[in-house]
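Engineer: Those protein sequences? They're chains A and B, same order as listed.
Residue 1 is where the first sequence starts when you use the numbering used here, and the numbers rise one by one after that.
Residue 1001 is where the second sequence starts when you use the numbering used here, and the numbers rise one by one after that.
Before anything else, here's the structure in question.
Number of protein chains: 2
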Amino acid sequence: MADNSTANTLRRTGPPRKTISASRAAASADTAGTVGTIDTAYLQTLLGYNARRAALTVISVFLRRMEPYDLRPVDFSVLSVVAHNPGVTSRQICNTLDILPPNLVGMIKSLQKRGLIARLPHPTDRRAQGLHLTEPGLQLYTEAQATATGLEQAVTDRITPAELQTLNELLRKVYAR
Amino acid sequence: MADNSTANTLRRTGPPRKTISASRAAASADTAGTVGTIDTAYLQTLLGYNARRAALTVISVFLRRMEPYDLRPVDFSVLSVVAHNPGVTSRQICNTLDILPPNLVGMIKSLQKRGLIARLPHPTDRRAQGLHLTEPGLQLYTEAQATATGLEQAVTDRITPAELQTLNELLRKVYAR
DNA sequence: TATTGTTATACTCTATAACTATA
DNA sequence: TATAGTTATAGAGTATAACAATA
């Protein structure tokens, strides 16, 4: 935790401060030019900063635990959407996960090459293709999903399950626009 | 919000599901191969997914509103640390913001070239250099900080200020390890 | 021997333009 | 005329190795 003496003046809920001179003075009052503990109190008031740091923390654990399945977060997300929405098209995945079409092509190709997904002709639109998990794909994804659920519990061991649910709900309210 | 009939079975707080067949059946029961609304209920239970989506949402607004200052999120973070910790060293910034030293060099160089920061000889360590905001740097950062505070309020208009504070506190508990 | 700042470089991620086949 | 999928490619972001100067 950062120094509370300066944090209190920065974390107040009122209007934005006009200057930052108070906290500058507080941070450099003791020595001339050297800094001990770094004051990040202001950045810690920013949702963008906190959300990004938290996401990177979770993702680093994700990368480690998903190594056995050779799945990056985006691969897992794609598999998850296909698993829960058999017959989904590439374009639908792009819209759902905010992936640009050219960047999805390689992922789909790779997952298909690994035998995890299959592309079937779309029943009504000959331009599109319906994506489905293969049997090995379903087996791998099922294990990966259990791993994902487990690592979430591990990485959130500093908050209660109720707090985690609150956290997820609040985050969804921010990005669901 | 996603379909609650399937979401309820996926969002429960018990142990991980062994299979995903129930939600697959639910998603594809009506038509053979086509998908209407995409079910992302499972992904929405993952903090990693929600935090990343929320961060990207905030960042996209950040990029737009910070255009007048020509500051990316990382530039703003660096300026913020320097502003609140005059005399801080590059290495300290790297440790604080999780930036690798080689990737900070160019940013510092650029901010210095723009006349926003100055590198002064470190008082006790001749290898290091203390970073400080210039007067124009302080002026620009002060405006940018007010803009950042303002855009946070705009992007979190779906939750209350109290909820935002809860959200930020919970996120910090996740990444402060 | 370890650390600060740096260069060079490779790798990954993200974004844009343009094409084809079909709607 | 618009959309689904694709190719090629550019740009931004992130990573490792290795070096000189100093601790």
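The C-beta atom is built at its ideal place from N, Cα and C for all residues, glycine as well.
Taking only the alpha-carbon atoms, compute the straight-line gap between residue 30(A) and residue 1049(B) and give it to the nearest angstrom.
Structural biologist: Numbered from its first residue, the first sequence carries residue 30(A) at position 30. Numbered from its first residue, the second sequence carries residue 1049(B) at position 49. With a pLDDT of 34 at residue 30(A), under the threshold of 50, the predicted position of this residue should be treated as unreliable, though the coordinate-derived value follows. Residue 30(A) and residue 1049(B): Cα-Cα distance of roughly 43 angstroms.
Engineer: So what's residue 36(A) in DSSP terms, helix, strand or just coil?
Structural biologist: Position 36 of the first sequence, counting from 1, holds the residue named residue 36(A). Coil at residue 36(A), not helix or strand.
Engineer: In the DSSP assignment, find the alpha helix (DSSP H) that holds residue 211(A) and state where it starts and stops.
Structural biologist: Because chain A is modelled from 1 through 177, residue 211(A) falls outside the range shown and cannot be assessed.
Engineer: Would you call the stretch 139–153 of chain A and the stretch 1046–1062 of chain B in contact, with 3 or more CB pairs under 8 angstroms?
Structural biologist: Yes: at least three Cβ pairs fall under 8 angstroms.
Engineer: For residue 90(A), count the other beta carbons within 10 Å of its own beta carbon; 16 or more makes it buried, fewer makes it exposed. Which is it?
Structural biologist: Residue 90(A) sits at position 90 when you count from the first residue of the first sequence. Residue 90(A) is buried by the Cβ-count criterion.
Engineer: Cβ closer than 7 angstroms: which chain A residues qualify as neighbours of residue 1080(B)?
Structural biologist: Indexing the second sequence from 1 puts residue 1080(B) at position 80. Neighbours of residue 1080(B) on chain A, chain order: 42 and 43.
Engineer: Locate the beta strand (DSSP E) running through residue 1130(B), then write down its first and last residues.
Structural biologist: By 1-based counting over the second sequence, the position of residue 1130(B) is 130. Where residue 1130(B) is concerned, the enclosing beta strand (DSSP E) stretches over 1129–1133.
Engineer: Over what stretch of residues does the alpha helix (DSSP H) that includes residue 164(A) continue unbroken?
Structural biologist: The sequence position of residue 164(A) within the first sequence is 164, counting from 1. Counting along the chain, the alpha helix (DSSP H) containing residue 164(A) begins and ends at 161–175.
Engineer: What residues in the stretch 77–101 of chain A have a beta carbon less than 9 angstroms from any beta carbon of chain B?
Structural biologist: Those residues of the stretch 77–101 of chain A that come within reach of chain B (Cβ to Cβ, closer than 9 angstroms) are 77, 80, 81, 83, 84, 85, 86, 87, 88, 89, 92, 93, 95, 96, 97 and 98.
Engineer: Taking the beta carbon of residue 125(A) as the centre, do at least 16 other beta carbons fall within 10 Å, making it buried, or is it exposed?
Structural biologist: Here residue 125(A) refers to the residue found at position 125 when the first sequence is read from its first residue. Counting Cβ neighbours within 10 Å, residue 125(A) comes out exposed, since fewer than 16 surround it.
Engineer: Which one of 1123(B), 1092(B), 1099(B) and 1135(B) has the shortest CA to CA distance from residue 1112(B)?
Structural biologist: Within the second sequence, the letter at position 112 stands for residue 1112(B). It is 1135(B) whose Cα lies nearest to the Cα of residue 1112(B).
Engineer: Check the DSSP bridge columns for residue 88(A) and list the partner residues they point to.
Structural biologist: By one-based count along the first sequence, residue 88(A) stands at place 88. Note: residue 88(A) sits in a beta bridge opposite 131(A).
Engineer: Taking the continuous alpha helix (DSSP H) assigned at residue 107(A), which residues delimit it?
Structural biologist: Counting from 1 along the first sequence, the entry for residue 107(A) is found at position 107. Start and end: 101–113.
Engineer: Residue 173(A) to residue 1142(B), Cα distance in whole Å?
Structural biologist: On the first sequence, position 173 is the one that residue 173(A) refers to. On the second sequence, position 142 is the one that residue 1142(B) refers to. If you take the alpha carbons of residue 173(A) and residue 1142(B), they lie about 29 angstroms apart.
Engineer: Counting only Cβ pairs nearer than 7 angstroms, list the residues of chain B close to residue 103(A).
Structural biologist: For the purposes of this step, residue 103(A) is taken as residue 103 along the first sequence, with counting starting at 1. Chain B residues near residue 103(A): none, gap ~14 angstroms exceeds 7 angstroms.
Engineer: Could you give the DSSP three-state label for residue 1141(B): helix, strand or coil?
Structural biologist: For this step, residue 1141(B) is matched to residue 141 along the second sequence. Helix at residue 1141(B).
Engineer: From residue 1037(B) to residue 56(A), what does the alpha carbon distance come to, in whole angstroms?
Structural biologist: Numbered from its first residue, the second sequence carries residue 1037(B) at position 37. Numbered from its first residue, the first sequence carries residue 56(A) at position 56. Going from the Cα of residue 1037(B) to the Cα of residue 56(A) covers about 29 angstroms.
Engineer: Please report whether the beta-carbon of residue 1140(B) lies at a distance below 8 angstroms from any beta-carbon of chain A.
Structural biologist: The sequence position of residue 1140(B) within the second sequence is 140, counting from 1. Not an interface residue.
Engineer: How many Å lie between residue 1039(B) and residue 83(A) at the Cα?
Structural biologist: Sequence index remark: in the second sequence, residue 1039(B) carries index 39 (1-based). Sequence index remark: in the first sequence, residue 83(A) carries index 83 (1-based). Using only the alpha carbons, I get a separation of about 10 angstroms.
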